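The next block holds one structure in the form of structure tokens; read it before the comments.
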Amino acid sequence: MSEHIVPVRIYVTIFLVLLSGTALTVVAAFYDFPWQLNTVVALTIATVKATFVVLYFMHVRYSSRLIWVIVASALFWMGIMFALTFSDYRTRPWDRDRTSGIVIIY
Amino acid sequence: MTTQATTPEVHGHRSLQHHFENMEQQREAGTLGMWVFLVTEIMFFGGMFLAYTLYRSTYPASFASASNHLDITLGAVNTGVLILSSFTMAMAVYFTQVGKRRPQILCLVVTLLLGLTFLGVKAVEYYDKYEDHLIPGRLIPGNPFNPAVQEEGQPKDPHKLHLLPGASVRQVEMFYWIYFAMTGMHALHMVIGAGLLTFLIIFSLRGRFDPEYHSPVEVIGLYWHFVDIVWIFLFPLLYLLGRHFEHG
Numbered sequence: 001m002s003e004h005i006v007p008v009r010i011y012v013t014i015f016l017v018l019l020s021g022t023a024l025t026v027v028a029a030f031y032d033f034p035w036q037l038n039t040v041v042a043l044t045i046a047t048v049k050a051t052f053v054v055l056y057f058m059h060v061r062y063s064s065r066l067i068w069v070i071v072a073s074a075l076f077w078m079g080i081m082f083a084l085t086f087s088d089y090r091t092r093p094w095d096r097d098r099t100s101g102i103v104i105i106y
Numbered sequence: 107m108t109t110q111a112t113t114p115e116v117h118g119h120r121s122l123q124h125h126f127e128n129m130e131q132q133r134e135a136g137t138l139g140m141w142v143f144l145v146t147e148i149m150f151f152g153g154m155f156l157a158y159t160l161y162r163s164t165y166p167a168s169f170a171s172a173s174n175h176l177d178i179t180l181g182a183v184n185t186g187v188l189i190l191s192s193f194t195m196a197m198a199v200y201f202t203q204v205g206k207r208r209p210q211i212l213c214l215v216v217t218l219l220l221g222l223t224f225l226g227v228k229a230v231e232y233y234d235k236y237e238d239h240l241i242p243g244r245l246i247p248g249n250p251f252n253p254a255v256q257e258e259g260q261p262k263d264p265h266k267l268h269l270l271p272g273a274s275v276r277q278v279e280m281f282y283w284i285y286f287a288m289t290g291m292h293a294l295h296m297v298i299g300a301g302l303l304t305f306l307i308i309f310s311l312r313g314r315f316d317p318e319y320h321s322p323v324e325v326i327g328l329y330w331h332f333v334d335i336v337w338i339f340l341f342p343l344l345y346l347l348g349r350h351f352e353h354g
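Top to bottom, those sequences are chains A and B. In case it helps, the working numbering puts the first sequence at residues 1 to 106. In case it helps, the working numbering puts the second sequence at residues 107 to 354.
The following block contains the structure:
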């Protein structure tokens, strides 16, 4: 019944993973990825880092199902917010600047 | 209430509130409550990330130009500082769980110092932006947004804004609105976190936490890690997005 105590070894490992991830993302930022994948690479590294923090530093991996649902709900509503906003802003041909093709935000 | 007369077996730990069955339930309720709060925080920062994504995808060249003006070294160092502080915070929780008070307090103090280091570096960065007239709008009286723009063929000046093709100063200003809103809100969370850590250190010195009762350390730890996660996303999105246009 009592709580799970994460061993120090795991904390140290996660810490080193996070530092390596930071170094990796800086190095990757100066490299020209094909098809402008730089943002995808940067966000992938950031998401992996954040996942490690949530699972181990924040103990979610050892937490109850209820905590998992709460964490998942945050991502779910973030998804709704982004999806609905962009489905609006990116489908307004009448707001598009005729010469540059850029969407004008009011 | 005559709790003084009852035995510990009946009423349990001195920190057990009367509306909980036992320490386990109390701890889980506290952690759950903190996570619900963090969900609202995720949505709060999510709105700003949304604004960032929208404007960046609309003005890509200007956002890349503005981002390249930020100091990548200071940003990377601050990321390291924050990750290290997250590690020491996790260790503070660990030492509380196993009942080692001296290393626990040491970890909390180190976490606080690292948090303050982060804020110090951030202040240096803000001052650089102030000197280069990059504070957006007229937030600072007498120092409106008015950066010097690097001319083509002139020697490179790090204090001047280097505009990539298709970029404009007005759209760069939009980047700096978002930059100051996001990093400012993040810094505010760090200041609040530093206050919470001070509270933890004082209560640890008074011996209020033990392996049975350490929810405050645990939930403030969750808060601290959350603030770290926000920065993990802010660093690449604000500092690194346009670097690959500039090399060579």
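All C-beta atoms in this analysis are idealised placements derived from N, C-alpha and C, irrespective of residue type, glycine included. If you're wondering where the values come from, they're calculated on a predicted model, not measured in any experiment.
Inside the segment 30 to 87 of chain A only - alpha helix (DSSP H) runs reaching at least 4 residues:
38 to 52
Counting only C-beta atoms, is B:Thr273 closer than 7 Å to chain A at any point?
A small fix is needed here, since residue 273 of chain B is Ala in this sequence, not Thr. No, because no Cβ of chain A sits closer than 7 Å to the Cβ of B:Ala273.
Tell me which same chain residues have a C-beta within less than 8 Å of the C-beta of B:Ile284, skipping the five on either side of it?
Met154, Ala157, Tyr158, Tyr161
Near A:Tyr106, which residues of its chain fall below 6 Å by C-beta distance, leaving aside the five closest residues on each side in sequence?
Because the pLDDT of A:Tyr106 is 49, which lies under 50, any placement of that residue in the model is unreliable, and the number read from its coordinates should be weighed accordingly. The beta carbon of A:Tyr106 is closer than 6 Å to none in its chain, skipping five residues each way along the sequence.
Looking at chain A, which residues of the segment 315 to 339 of chain B have a Cβ within less than 7 Å of any of its Cβ atoms?
Leu328, His331, Asp334, Ile335, Ile338, Phe339
Report the rounded CA-to-CA distance for B:Arg276 versus A:Ile70, giving the unit in angstroms.
In a straight line, the C-alpha of B:Arg276 is about 40 Å away from that of A:Ile70.
Per DSSP, what kind of secondary structure is B:Leu270 in: helix, strand or coil?
B:Leu270 carries a coil assignment under DSSP once its states are collapsed to helix, strand and coil.
With a threshold of 7 Å between beta-carbons, can A:Leu18 be considered close to chain B, or not?
Answer yes: the Cβ-Cβ gap between A:Leu18 and chain B drops below 7 Å somewhere.
Three or more beta-carbon pairs under 8 Å between the segment 39 to 50 of chain A and the segment 330 to 339 of chain B, yes or no?
At 8 Å Cβ cutoff, the stretches touch.
In angstroms, rounded to a whole number, what distance separates the CA positions of B:Ser191 and B:Gly221?
7 Å
Extract the residue ranges of the alpha helix (DSSP H) inside the segment 172 to 245 of chain B, only unbroken runs of 4 or more that lie entirely within it.
The segment 172 to 245 of chain B contains, as complete alpha helix (DSSP H) runs of 4+ residues, the segments 178 to 203, 207 to 237 (chain order).
The ligand ADP and A:Val27: does the residue's C-beta get closer than 6 Å to at least one heavy atom of that ligand?
Ligands in the displayed structure: none, and consequently the ligand ADP is not present.
Which residues mark the beginning and the end of the alpha helix (DSSP H) in which B:Ala254 is found?
Counting along the chain, B:Ala254 falls outside any alpha helix (DSSP H), and DSSP gives it neither H nor E.
Quick one: grab the DSSP three-state call for B:Val168.
The question names Val, but residue 168 of chain B is Ser in the sequence shown. It is helical.
Relative to chain A, which residues along the segment 188 to 199 of chain B have a C-beta separation below 7 Å, given in chain order?
Ile189, Ser192, Phe193, Ala196, Met197
Do you know how far the Cα of A:Gly21 is from the Cα of B:Leu218?
23 Å
Using 10 angstroms around the beta-carbon of B:Gly243, count the other beta-carbons present and answer buried if the total reaches 16, otherwise exposed.
exposed
A:Ile80 touches chain B at which residues, Cβ-Cβ below 9 Å?
Going along chain B, no residue has its Cβ under 9 Å from A:Ile80, so there is no contact; the nearest lies around 10 Å.
Give the DSSP-derived three-state secondary structure of A:Thr25 in the structure shown.
helix
Using CA coordinates, which residue listed in A:Tyr62, A:Tyr11, A:Thr44 is at the minimum distance from B:Thr137?
A:Tyr62
What's the gap between the Cα of B:Val215 and the Cα of B:Glu324?
16 Å
For a test of the three-state rule: what should DSSP assign to B:Thr304, helix, strand or coil?
helix
If you draw a straight line from the alpha carbon of B:Ala182 to that of A:Leu55, how long is it in whole angstroms?
Cα to Cα, B:Ala182 sits roughly 23 Å from A:Leu55.
Any residues in the segment 155 to 188 of chain B with a beta carbon nearer than 8 Å to a beta carbon of chain A? Which ones, in chain order?
Leu156, Thr159, Leu160, Tyr161, Thr164, Tyr165, Ile178, Ala182, Thr185, Gly186
Residues in its own chain within less than 8 Å of B:Glu237 by CB, not counting five upstream and five downstream?
Taken in chain order, the residues that qualify are His265.
May I ask which residues mark the beginning and end of the alpha helix (DSSP H) holding B:Gly118?
Element bounds for B:Gly118: n/a, residue is neither H nor E.
Give the straight-line distance between the Cα atoms of B:Asn249 and B:Lys235, rounded to the nearest whole angstrom.
Rounded to whole angstroms, B:Asn249 to B:Lys235 spans 11 Å at the Cα level.
Specify whether the segment 192 to 211 of chain B and the segment 163 to 176 of chain B touch according to this definition: at least 3 beta carbon pairs, one from each stretch, less than 8 Å apart.
no
Please classify B:Thr304 as buried or exposed, where buried requires at least 16 other C-beta atoms within 10 Å of its C-beta.
Classification of B:Thr304: exposed, given that the 10 Å Cβ count is below 16.
Check this for me: beta carbons of B:Trp141 and A:Ile80, under 7 Å apart or not?
no
C-beta contact flag for B:Val199 and B:Gly327 at 7 Å:
Yes, the pair counts as a contact, with Cβ atoms nearer than the cut-off.
Spatially closest choice to B:Gly173 from B:Gly186, B:Pro317, B:Cys213, B:Val278, by CA coordinates
Reading off the sequence shown, one finds Ser at residue 173 of chain B, where the question assumed Gly. The candidate whose alpha carbon is nearest that of B:Ser173 is B:Val278.
Under 9 Å from the C-beta of B:Met359: neighbouring residues of chain A
Lying before the first or after the last residue shown, residue 359 of chain B is absent from chain B, which here runs from 107 to 354.
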